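Structure, as C-alpha cells:
Number of protein chains: 2
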Amino acid sequence: MSESKKFLLNERDIPTAWYNIVADMDNKPKPIINPATKEPLKAEDLFPLFAEEVSRQEMNTTDAWIEIPEEVRDLYKIWRPTPLVRARGLEKLLDTPAHIYFKNESVSPVGSHKLNSAIAQAYYCKKQGVTNITTETGAGQWGAALSLAAKMFGLELAVYMVKISYHQKPYRRNIMSTYGAQVIASPSMSTKAGRKIITERPNYQGSLGTAISEAVELAMSTPNCKYTLGSVLNHVSLHQTVIGLEAEKQMEMAGEYPDKIIACFGGGSNFSGIAYPFMRHNLAGDTNIQFIAAEPESCPKLTRGVFQYDFGDEAGYTPLIPMYTLGHDFAPANIHAGGLRYHGAGSIISQLLKDKKMSAVDIPQLEAFDAAIKFAQAEGIIPAPESSHAIAATVREALRCKEEGKKEVLLFNLSGHGLIDMTAYDSYLAGDLENYKVSDEEIRRNTDKLEKII
Amino acid sequence: MSESKKFLLNERDIPTAWYNIVADMDNKPKPIINPATKEPLKAEDLFPLFAEEVSRQEMNTTDAWIEIPEEVRDLYKIWRPTPLVRARGLEKLLDTPAHIYFKNESVSPVGSHKLNSAIAQAYYCKKQGVTNITTETGAGQWGAALSLAAKMFGLELAVYMVKISYHQKPYRRNIMSTYGAQVIASPSMSTKAGRKIITERPNYQGSLGTAISEAVELAMSTPNCKYTLGSVLNHVSLHQTVIGLEAEKQMEMAGEYPDKIIACFGGGSNFSGIAYPFMRHNLAGDTNIQFIAAEPESCPKLTRGVFQYDFGDEAGYTPLIPMYTLGHDFAPANIHAGGLRYHGAGSIISQLLKDKKMSAVDIPQLEAFDAAIKFAQAEGIIPAPESSHAIAATVREALRCKEEGKKEVLLFNLSGHGLIDMTAYDSYLAGDLENYKVSDEEIRRNTDKLEKII
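Have a look at this one:
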C-alpha cells in the first residue's frame, strides 16, 4: 500500500445550485404518464403525494440550475464537501498506468450519499408545513439517511422496511431507531395493503414494491403527511449532483481530467450524482468523457432490459415511467448489494442510455467482492457491496489500461462504506456466495407482459 | 438541529513530530520495574517483545518532540487531518451558553483513533525486518486498526480476540479478516497458555488478560515476530498526540481556546492524545485548562482506585507499572463500552492525576447512552459507547454552564463511531441496560491483594 492523496475543498466550495441535466438534453426524456389515461402528468398531479417544490423539480425541463436553499447547504456542511482521493494504493496493487480517483461519499454520518437528497426532501416538506413523512427502505441506506434528515427538521417519520431486511440487517434498523424514526417491518398490519398481503400470505417476507404501497397508503391517509423516495426520480438525481459538481473542482485541483466516470447503478441516484455535472460538457460538445454504469449481473436492466413504459413499483400503484426495465414484477436474486436490486432505471438515464450518451456493464457478485477486498486492503476503506460494483468496473478498466500500456484517468464514486454489511464479507470470505446470471427466458417472460406503449 | 461548523486543516498541517509529555514533567512517572528484582527496566529489556524504536520511545524521558517518520505521515494522510467540529446542534439541544467543540477521530477508515498508533507500530516493526506481529483485542477497535496497518506494511498479523467478543461482535472480527488478519478466539489451542486454560475450564469465554498472554507467548516463540499493544503504554500515548496537536491549530482557526478538555478513559490512549499537547502549556504555566477523564462507573480506577505498582495484565506476565488500579484481577461488569473495561491507567496519567494536573469523573452506563442518543440526533454521528462517556461528561459541564449562566469553551474527543455497536443501542432503546456501580468492598478486596511497593 502506498500513500493516497486527498483533494479537499472548503465549505464555501459546496455548490450553491444543483444541476438539472434535462434542461441541456436535446432529446428530453419521455413524460411520466397516468396509467389509466396515458396522459402526461403535471407537477400538480404529484402534490397529494410529494412536497410541492419537489414535484415542480421533478417536472422541470427548462432550468439547468436550481438554487440549493441556504438551510440545506448549511446541513450539507456537517460532512460536505467530501474528499476526492487518488487511489495510489489500488493503482500500485493492480500495477496499472491508469490514474484512479474516487469521490468518497461514505464519509457522511449515515455512511452513504443518500443524505444529499434526504435533507433536501425533508427541508421542502418542513417548509410547506408538513409534520409527518413516510418512506420505504430495502437494505436501509435510504431509510437511515431520511431518519437523520427528519430528526434535523423535527418531522415524524415512519419507515416501512422490507421484512427480510428488517430481520437480516438489525444494525440498519437500530440506526434508524437511534435517530428517532418509527421502523415497521413490511408487510405490516398498519395499512390495508399490508393487512391484505399478511392475510393471504402470512409468512411473506416482503418486497420493495409492497413497502412502497404501504408508505404511499399511509401518506395518502394521514393528515399533513407526505411520501418521499430515495432514488429513480428526477428530483432525487438533481439533489445528488452536488457529488459531481464538487468532484469537478477537485479534479481541477488534481490537475487531471477524467477519461471515464464509473458508478454503481440501482435506481440511479449515485450514478446521476457524479455523472451529470461532467456530462454537461459532453452534451455541449466540449469533452468526450465515457460514462459507465455498473449494475449487478443478477439485475441487468441497463444491459439486457427493454425500453418501455413501466411501473416504478411491483404492485403497480405508481405512474408509468419510460425506462429500461426487466418488468416491474422481476424478482432479483438475493444478492448482498440490496440497493441494486431494482427492476428499472429512471427516465433521464434511460433516455441517455438509449441515445448512447453513456454505457453500462454488468458485474457478477463474486467479482464485486473480489474488487472490494482489494480496495479495502489497498485504500483502507471497506466499501458497501453496492459501491463494490463500481470498484469492480474500475478494476476492469485499470487492467485493460495495463494490457494496452495506456494511461487513462478513471474516476469512480464510492457511494457508501460497508461497515453495516460485514456479514456479506464474512460469507464471501467463507466461500458461501455465488453468482446469479439471469436467463434470457426469465427476462423475456417478465418484459413480454408489459403493455407496448412505446 | 442547527448547522455545525467544521474546522479543516490541510495535509501539510499534519504534525511532523509527536509530543512526549514526560520530558516536560517536573515529577516524572515512576519507572516500570521487573516484578522479581524490582529493578527499573531499560529499553533493551523490552527488545525481545516490542520493536526496538518503540521500546526506546517507551523509556524516553528527555526528548519533548519525536519526529514522525515520513512513511507514517504519508499513511496518516489517508484520513488525517481529522475535522474539529463546533457542535452547534448539541449546544442548541441543551440550550447552553457553553461552546462545545469535538475532535472527530471517528473518520478514520477503521472508525477510531487507534490507527494513529497502529500505523506507527507496524512501521517500526517493518523497518527492523520483522515479518510477523501479534496482538490481543477486546471489543475489536485496536485489532481492526492493527489489521489494516499490518496489511499496509505487508506484515502477517495474528489477533487474539477475547472469545466472548469473537462471538458477540462478529462484524469487528469480519473487518479484521477483510483486511487479511488471522483472528483467533482466545483462549485457543494455539498456545500453551491457551491450552492450559481450555483444559482446565473448557467453557471459559476469555479475558483481555488471557488474550495478552497468548499474544505474548506467540510473539516470543515465533521467529521474527513482535508483540504490539494498543493503549496504556507511553509510546502509544505518544503516537496519539497527533490528535491534540491538530486540535490546537483548529481551535486557533475557531478563534477560541478550550477551558475544559474531556475524553473517555480506558487505558488512556485517546485521552492522552487530545490532552497532552494542550497540557504542555499548563505545565509551562501559560494556561489553566482543566482536563477531565471520563471513565465508566463500573470500572472506576481513576476516581476510586489505589496508586500502586500493578501488572498490566490479569495473568501477571507483564512488568510492574506504577498506576491507579482496581487490581489486575478486577473483573469489570459487562458494559457495552468494551474498550473502557480495563483495571488500570498508564504510568504518565497516573502521575499526572496524583499531582492534580488533571481530574476524572465516572459515568453510569445509562447516562452515557442518553448522551449518545442526544448527540446522534443533534450532530448526526452515532458515537461509540466508549466515546459516549466523554459526551456525557461534556453534557454535564454544558448543563452546569447553563445553570451558572456562564460561557465556557468545552472540547471533547470523539474517539470513534458506534456503527459496529448498534446492538448496544438496540438494547438501550429497549430498556434492557442497567448501571453497574462497584462496591467499596469489591475494590478493597482486589486492591488489598497488591504488594505494597510504593
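Top line first, the protein sequences correspond to chains U and D. Residue numbering for the first sequence follows this note's numbering, beginning at 1320 and increasing consecutively. Residue numbering for the second sequence follows this note's numbering, beginning at 1320 and increasing consecutively. Cβ coordinates follow ideal geometry from the N, Cα and C atoms, glycine included. Predicted model only: the values in this text are computed from it and were never measured.
- With contacts defined by Cβ atoms closer than 7 Å, Ser1706(U) and Leu1733(U) form a contacting pair.
- Between Ala1690(D) and Ile1710(D), the gap from beta carbon to beta carbon is short of 7 Å.
- Lys1771(D) sits in coil when the DSSP states are folded into three classes, being neither helix nor strand.
- Not flagged as an interface residue toward chain U: Lys1357(D), since no C-beta distance is shorter than 7 Å.
- If you look at Cys1583(D), you'll find it isn't in any alpha helix (DSSP H); it sits in the beta strand (DSSP E) that goes Lys1579 to Cys1583.
- Non-local beta-carbon contacts of Phe1630(D) in its own chain, meaning distances under 7 Å to residues more than five positions away in sequence, involve Thr1637, Leu1639 and His1647 in chain order.
- Spanning the alpha carbons of Asp1745(U) and Gly1473(D) requires a straight line of approximately 22 Å.
- Pairing Ala1534(D) with Thr1456(D) gives a Cβ-Cβ distance that is not under 7 Å.
- Within chain D, Met1741, Thr1742, Tyr1744, Asp1745 and Leu1748 have C-beta atoms less than 8 Å from the C-beta of Asn1493(U), given in sequence order.
- Close to chain U, meaning a Cβ-Cβ distance shorter than 9 Å, are the following residues of the stretch 1481 to 1513 of chain D: Pro1489, Tyr1490, Arg1491, Arg1492, Asn1493, Ile1494, Ser1496, Thr1497, Tyr1498 and Gly1499.
- When DSSP states are grouped into helix, strand and coil, Ile1701(D) belongs to the coil group.
- Between Lys1482(D) and Ala1504(D), the beta carbon gap of about 4 Å places them in contact (Cβ cut-off 8 Å).
- Below the 7 Å Cβ cutoff, chain D contributes Lys1470, Tyr1498 and Gly1499 as neighbours of Gln1696(U), in chain order.
- Within the model, the alpha-carbon separation for Leu1729(U) versus Ile1340(D) is close to 45 Å.
- The beta carbon of Thr1547(U) sits closer than 7 Å to the beta carbons of Gln1440, Ile1452, Thr1454 and Leu1465 from its chain, once the five residues preceding and following it are set aside; these are given in chain order.
- A Cβ-Cβ separation of about 6 Å places Lys1324(U) in contact with Arg1407(U) under the 8 Å criterion.
- Burial check for Gln1376(D): the Cβ neighbour count within 10 Å reaches 16 or more, so the residue is buried.
- For Ile1668(U), the uninterrupted alpha helix (DSSP H) segment begins and ends at Ser1666 to Lys1673.
- Under the Cβ distance rule, Gly1699(U) counts among the residues neighbouring chain D, one pair being separated by less than 7 Å.
- Chain order gives the chain D residues near Glu1330(U) as Lys1324, Lys1325 and Leu1327, where near means a beta carbon separation below 9 Å.
- Taking a 10 Å sphere around the C-beta of Lys1756(D), we find fewer than 16 other C-beta atoms and assign the residue as exposed.
- The beta-bridge partner set that DSSP reports for Ile1710(U) is empty.
- Beta-carbon to beta-carbon, Gln1670(U) and Asn1353(U) are separated by about 20 Å, too far to satisfy the 8 Å threshold.
- Using a CB distance cut-off of 7 Å, Ile1397(D) counts as an interface residue toward chain U.
- Shown here for His1736(D): same chain residues with a beta carbon closer than 7 Å to its own, the five before and five after excluded, namely Ser1425, Gly1430, Ile1700, Ile1701, Pro1702 and Ala1703 in chain order.
- The Cβ-Cβ distance between His1558(U) and Asn1435(U) falls below 7 Å.
- Distances from the CA of Asn1607(U) to each of Pro1651(U), Asp1364(U) and Asp1578(U) were compared; the closest alpha carbon is that of Asp1578(U).
- Contact annotation, Cys1618(U) with Thr1415(U): C-beta distance approximately 28 Å; criterion of less than 8 Å not satisfied.
- By the neighbour-count criterion, in which 16 or more other beta carbons inside 10 Å mark a residue as buried, Met1495(U) falls on the buried side.
- The three-state reading of DSSP puts Asn1451(U) in strand, counting E and B together.
- In the three-state reduction of the DSSP assignment, Trp1398(U) falls in the coil class.
- The DSSP-derived three-state label of Val1625(D) is strand.
- For the stretch 1443 to 1477 of chain U, the beta-carbon criterion of a distance under 9 Å to any beta-carbon of chain D is satisfied by Leu1467, Lys1470, Met1471, Phe1472 and Gly1473.
- The C-beta of Leu1537(U) comes no closer than 7 Å to any C-beta of chain D.
- Runs of the beta strand (DSSP E) spanning 3 or more residues and lying entirely within the stretch 1522 to 1602 of chain D occur at 1544 to 1546 and 1579 to 1583, in chain order.
- Take His1418(D), set aside five residues on each side of it, and the residues of its chain with a beta-carbon closer than 8 Å to its own are Arg1405, Glu1410, Glu1575, Lys1726, Glu1727, Val1728 and Leu1729, in chain order.
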